[in-house]
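Chemist:
2 protein chains.
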Amino acid sequence: MSKSLLELTPVEAVACCSPVTREPLSAEAADRIAPLLKALADPVRLRLLSLVASHADGEACVCDLNDAFDLSQPTISHHLKQLHEAGLLDREKRGVWVYYRLNDAALGDLVGLLGGVAA
Amino acid sequence: MSKSLLELTPVEAVACCSPVTREPLSAEAADRIAPLLKALADPVRLRLLSLVASHADGEACVCDLNDAFDLSQPTISHHLKQLHEAGLLDREKRGVWVYYRLNDAALGDLVGLLGGVAA
DNA sequence: CCGAGCCATCGATACCTGTCAATATCGACG
DNA sequence: CGTCGATATTGACAGGTATCGATGGCTCGG
Chain A
1 MSKSLLELTP VEAVACCSPV TREPLSAEAA DRIAPLLKAL ADPVRLRLLS LVASHADGEA
61 CVCDLNDAFD LSQPTISHHL KQLHEAGLLD REKRGVWVYY RLNDAALGDL VGLLGGVAA
Chain B
1 MSKSLLELTP VEAVACCSPV TREPLSAEAA DRIAPLLKAL ADPVRLRLLS LVASHADGEA
61 CVCDLNDAFD LSQPTISHHL KQLHEAGLLD REKRGVWVYY RLNDAALGDL VGLLGGVAA
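These protein sequence lines map, in sequence, to chains A and B. Mapping the first sequence onto full-length UniProt numbering, position 50 (from 1) lands on 50, and the numbers just tick up by one. Mapping the second sequence onto full-length UniProt numbering, position 80 (from 1) lands on 80, and the numbers just tick up by one.
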């Protein structure tokens, strides 16, 4: 841990800590991790992430995602942005279309941080 | 899955689904799981959970938790209530004091649901 | 270079949430 | 009983967020 916690992106911060059940989380670490969980803590975003992750080739076009919900296109775009900014989804533009892909490491690290129990 | 998803508590709902990365989450499942994540998605609640889980004997008195934060007692009580109602913390009153304890199964199931990646 | 389609951003609005001070509740102990 | 200490509940307020319609920037095909 060479960099201060305060310099890390949310995703980076998750990879550097013991499971929350092992030792008390510092205030700084909690401030870094909470936004990641907040990004996940919405039914629409949970389904978006799940759709992207389980989609063929591991990526999904926004056009596909829009159709899966009874929500406006800006709303879906807004949720995707949150997941992207949290580091959970990677974004790639190819031609006219934009594809989102799950960041395996980010979700994996988050699970590791919470998962001291399952072990 | 004999009961409808709509009849389950948040904690119960988590134990019944494939990892979110394996197949698309239904809207009903997402509606059930999101509140659990929402309960975790706050820096104060993350630290509270961590403090309780890592405390000696696996339980912590509210009086100890209050001292760990620069927040009013009602605020801490409010956060503990959210964690308790989500099913993540169990509550037991002994004499004048109230003790909170981590619900291992709840957190474990949640991790399992998100953890299709780490495998 | 112009129109069409995909996606993001903006501005507005209604709702949710974190926080506190004040107050209630509930046991224990004189 | 009456008080005191530990928690919970209530009411109020500021800030955050989910949603939409309107609009703007891009890229491709003609």
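Backbone N, C-alpha and C fix where the C-beta goes; we use that ideal spot for every residue, glycine too. Fair warning: this is a prediction, and the values are worked out from it, not measured in the lab.
1. Kindly indicate which residue of A/H78, A/V52 and A/L46 has the alpha-carbon position closest to the one of B/A29.
2. Determine whether the Cβ of B/S72 lies closer than 8 Å to any Cβ atom of chain A.
3. Looking at B/Y100: is its Cβ nearer than 8 Å to the Cβ of B/V44?
4. Check the Cβ-Cβ distances between B/A30 and every residue of chain A, and say whether any is below 8 Å.
5. Would you say A/L89 faces chain B, with C-beta separation under 8 Å as the test?
6. By the criterion of Cβ-Cβ separation under 7 Å, what are the contact partners of A/V20 in chain B?
7. Could you tell me the distance, in whole angstroms, from the CA atom of B/L88 to the CA atom of A/L88?
8. Checking contacts by CB at 8 Å: is B/D67 closer than that to chain A?
9. In angstroms, rounded to a whole number, what distance separates the CA positions of B/F69 and B/V62?
10. What does the Cβ neighbour count give for B/V111, buried or exposed, with the cut at 16 atoms within 10 Å?
11. So, does the CB of B/G95 fall closer than 8 Å to a CB anywhere in chain A?
12. Quick one, which of B/D42, B/N103 and B/G58 has its alpha-carbon nearest B/D90's?
13. Throw me the rounded Cβ distance for the B/A41 and A/K38 pair, which I believe falls under 8 Å.
14. Spatial neighbours of B/S2 within its chain, please: CB distance less than 7 Å, with the 5 preceding and 5 following residues excluded, ordered by chain position.
15. Would you say B/I33 reaches chain A, if we count a Cβ-Cβ gap shorter than 8 Å as a contact?
16. Residues of chain B with CB closer than 8 Å to the CB of A/E23, please, in chain order.
17. Return the Cβ separation of B/S54 and A/P24 in integer angstroms, given the expectation that the two are a contact with Cβ distance under 8 Å.
18. Can you give the Cα-Cα distance for B/E92 and B/A60, rounded to whole angstroms?
19. Leaving out the 5 sequence neighbours to the left and right, which residues in its chain are closer than 8 Å to residue 120 of chain B when beta-carbon positions are compared?
20. Going by other Cβ atoms of all chains shown within 10 Å of its Cβ, with 16 needed for buried, is B/H79 buried or exposed?
21. Is A/L102 close to chain B? Criterion is C-beta to C-beta, closer than 8 Å.
22. Between the beta-carbon of A/L48 and the beta-carbon of A/L71, is there less than 8 Å?
23. From B/G108 to B/W97, what distance separates their C-alpha atoms?
24. Since B/P19 and B/L114 are thought to touch, with beta carbons under 8 Å apart, how far apart are those beta carbons, to the nearest angstrom?
25. Is it buried or exposed for A/S77, if we count other Cβ within 10 angstroms and need 16 for buried?
Modeler: This is what the structure gives:
1. A/L46
2. no
3. Not closer than 8 Å, so no.
4. yes
5. no
6. L46, L49, S50 and A53
7. 24 Å
8. no
9. 11 Å
10. buried
11. With its beta carbon at least 8 Å from every one in chain A, B/G95 lies outside the interface.
12. Sorting B/D42, B/N103 and B/G58 by C-alpha distance to the C-alpha of B/D90 places B/N103 at the top.
13. At roughly 4 Å, the Cβ-Cβ gap stays under 8 Å, so B/A41 and A/K38 are in contact.
14. Low local confidence applies: a pLDDT of 40 at B/S2 is under 50, so the model's placement there is unreliable, with the coordinate-based value given in what follows. Close CB contacts of B/S2 within its chain, under the 7 Å cut and outside five residues either way in sequence, are absent.
15. Residue-level contact by beta carbon holds for B/I33 and chain A, with a gap shorter than 8 Å.
16. Those are S50 and S54, listed as they occur along chain B.
17. 5 Å
18. 10 Å
19. Shown here, chain B extends from 1 to 119; a query on residue 120 of chain B therefore has no answer.
20. buried
21. yes
22. no
23. 27 Å
24. Confirmed, about 7 Å.
25. Exposed is the label assigned to A/S77, since fewer than 16 other Cβ atoms lie within 10 Å of its Cβ.
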